[in-house]
Amino acid sequence: MMDPEVSVRCCIAGGGPAGMMLGFLLARAGISVLVLEKHADFLRDFRGDTIHPSTLEIMYELGLLDEFLRRPHQEVRTLGGQIGDEFVEIADFTHLPTHCRFIAFMPQWDFLDFLAENAQRFPAFHLKMEAEARDLTVDSGVVTGLLATTPGGPIRVKADLVVAADGRHSTLRERAGLDVLDLGAPMDVLWMRLSRGPDDPGQTLGRVDTGRIFVMLNRQDYWQCAFVIPKGGFDEIRARGLPALREEIAGLAPYLRDRVDELKDWSDVKLLSVSVDRLRMWHRPGLLCIGDAAHAMSPIGGVGINLAIQDAVAAANILIPKLLQGSVSQRDLEAVQRRREFPTRATQRLQVILQNRVIGRVLASTAKMSPPFPVRLLGWMPFLRRLPARLIGLGFRPEHVSSAPAAG
Ligand SMILES: Cc1cc2nc3c(=O)[nH]c(=O)nc-3n(C[C@H](O)[C@H](O)[C@H](O)COP(=O)(O)OP(=O)(O)OC[C@H]3O[C@@H](n4cnc5c(N)ncnc54)[C@H](O)[C@@H]3O)c2cc1C
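For the sequence shown, our numbering begins at 2 and goes up steadily by one.
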């Protein structure tokens, strides 16, 4: 049982990819860190499984890659899409300048367990599950810690630095009164699982046809499927009934027809309400927001986890030397935002263009689809597929670990 009052150098709210990676890096450098996670474990609803080459490169730099790749995962080297009746290869990761030239698919809870297990090797690392950050403590305008609830009662954490890594519905960013810029999204996504048959195609792919977008991620014995729908359209789909949804899916991928009955009720279909937003200012004195708490990403490209990891690495690179020397100033927090704002803005800009010019138009269309010219070019000229692979696999301004482990 934890004391009602704890003191650490850094307290991180949220044990998602951003919070766990930052917690790992700070503890590795010998800085006492407490990560609070409101859930009892990491085993929760599907929240994306994609570990991109940029994150795998971080694992390599931390000496964790071999151990990580021993965990069950699938490796995807190319991405393709079926548009109307034509199949087109879109991205080829096999030429990236990284140790892993593939996307690794691993359930997010396994990835987080892996980070937690490795972080626990460092005496400076503390993880408290079922601890929900509720409010900030502030003294003369400076955040000095936070208040959290736990099954054992409320606790107060005093910290030189509080990091809000509590996801896109962040309590702490709201308590800090940070201003959110909402970029909007014309779509939502329904996530579901259908089993995979021995004769199904092996590739992870998207299917685009009259008014429909359906993405199928090959997870070996099942397909993790994403059905993209117009924003706010879930009620209408529910009103049409589950048999109509099953029929639509079977129409898009006929070999799933014998399995669509696995969607037995609406609890088998999870709604992701897509939002794309970012904070105008990611910090205030004593507080920094990273990951989805600073910027919710569109699911296009499956880059949310990786941006969260990149934020954590950048924050660690900039803040560890300061924390080791003394304290973190407002200027240091500004430096983290400056470092990560360009990749966030550039990625969101691309996502918004694709959302509005491609996805919104496809969802509103009634005509038969065929690949547009730029996509046809990717099909004709294989070397062009390296560009989308770079944007998805590495993103803008990939980070590298520069902090050293604590001596001894
Ligand atoms: C259905 C779905 C599918 C997705 N698919 C993909 C994908 O394929 N690829 C991809 O890259 N991204 C995907 N994403 C997005 C991805 O999950 C996020 O971008 C990424 O997890 C962000 O990491 P994070 O650590 O910033 O936040 P989160 O992963 O949201 O983690 C925040 C953590 O904080 C905890 N928490 C929240 N509030 C508090 C509190 N007050 N106190 C303590 N703990 C708190 C939460 O329980 C959670 O564990 C998907 C998201 C969803 C919902």
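Glycine included, C-beta positions come from ideal geometry on N, C-alpha and C.
Residue i, DSSP secondary structure in three states
{"i": "V7", "result": "strand"}
{"i": "I321", "result": "helix"}
{"i": "Q152", "result": "According to the sequence shown, residue 152 is Pro rather than Gln. In the structure shown, P152 sits in coil (DSSP, three-state: anything other than H, G, I, E or B)."}
{"i": "T138", "result": "strand"}
{"i": "G15", "result": "coil"}
{"i": "M2", "result": "A caution first: M2 carries a pLDDT of 46, below 50, which makes its placement in the model unreliable, though a value can still be read off. Note: M2 maps to coil in three-state DSSP."}
{"i": "I104", "result": "strand"}
{"i": "W110", "result": "helix"}
{"i": "G396", "result": "coil"}
{"i": "S268", "result": "helix"}
{"i": "H127", "result": "strand"}
{"i": "H296", "result": "strand"}
{"i": "D42", "result": "coil"}
{"i": "A405", "result": "coil"}
{"i": "L116", "result": "helix"}
{"i": "D167", "result": "coil"}
{"i": "R122", "result": "coil"}
{"i": "V314", "result": "helix"}
{"i": "G305", "result": "helix"}
Residue i - containing alpha helix (DSSP H), residue span
{"i": "D333", "result": "331-355"}
{"i": "I250", "result": "243-253"}
{"i": "I84", "result": "Premise fails: I84 lies in the beta strand (DSSP E), 79-84, not in any alpha helix (DSSP H)."}
{"i": "S55", "result": "54-62"}
{"i": "R48", "result": "Unbroken run through R48: none, as it is neither H nor E."}
{"i": "P18", "result": "18-29"}
{"i": "A365", "result": "361-365"}
{"i": "D67", "result": "66-70"}
Buried versus exposed, by CB contacts within 10 Å (16 or more), residue i
{"i": "M2", "result": "With a pLDDT of 46 at M2, under the threshold of 50, the predicted position of this residue should be treated as unreliable, though the coordinate-derived value follows. Exposed."}
{"i": "P372", "result": "buried"}
{"i": "P344", "result": "buried"}
{"i": "F384", "result": "exposed"}
{"i": "V143", "result": "exposed"}
{"i": "H100", "result": "exposed"}
{"i": "L218", "result": "buried"}
{"i": "Q338", "result": "buried"}
{"i": "S403", "result": "exposed"}
{"i": "Q121", "result": "exposed"}
{"i": "D161", "result": "buried"}
{"i": "F228", "result": "buried"}
{"i": "N119", "result": "buried"}
{"i": "S171", "result": "buried"}
{"i": "E6", "result": "exposed"}
Any non-hydrogen atom of ligand 1 closer than 7 Å to residue i Cβ
{"i": "K232", "result": "no"}
{"i": "L273", "result": "yes"}
{"i": "A19", "result": "yes"}
{"i": "A1", "result": "Lying outside 2 to 409, the shown extent of the chain, residue 1 is not represented and no answer is given."}
{"i": "P300", "result": "yes"}
{"i": "I306", "result": "yes"}
{"i": "T345", "result": "no"}
{"i": "E87", "result": "no"}
{"i": "K369", "result": "no"}
{"i": "H284", "result": "no"}
{"i": "D50", "result": "yes"}
{"i": "R157", "result": "no"}
{"i": "E38", "result": "yes"}
{"i": "A254", "result": "no"}
{"i": "W267", "result": "no"}
{"i": "G292", "result": "yes"}
{"i": "R169", "result": "yes"}
{"i": "G207", "result": "no"}
{"i": "G303", "result": "yes"}
{"i": "W110", "result": "no"}
{"i": "W224", "result": "no"}
{"i": "A390", "result": "no"}
{"i": "A309", "result": "yes"}
{"i": "A14", "result": "yes"}
Range of the contiguous beta strand (DSSP E) that encloses residue i
{"i": "F384", "result": "Element bounds for F384: n/a, residue is neither H nor E."}
{"i": "E87", "result": "87-93"}
{"i": "R174", "result": "Premise fails: R174 lies in the alpha helix (DSSP H), 172-176, not in any beta strand (DSSP E)."}
{"i": "D183", "result": "181-183"}
{"i": "S328", "result": "Unbroken run through S328: none, as it is neither H nor E."}
{"i": "Y256", "result": "That residue, Y256, is in no beta strand (DSSP E); it is neither H nor E in DSSP."}
{"i": "A227", "result": "223-231"}
{"i": "V261", "result": "Segment: none, V261 is in no beta strand (DSSP E) and carries neither H nor E."}
{"i": "D201", "result": "Run containing D201: none; DSSP gives neither H nor E here."}
{"i": "M217", "result": "213-219"}
{"i": "L412", "result": "A question about residue 412 goes unanswered here, because the residues of the chain that appear run from 2 up to 409."}
{"i": "L97", "result": "Counting along the chain, L97 falls outside any beta strand (DSSP E), and DSSP gives it neither H nor E."}
Chain C contact for residue i (CB, 8 Å cutoff)
{"i": "E6", "result": "Of the chains in the structure shown, none is chain C; there is only one protein chain."}
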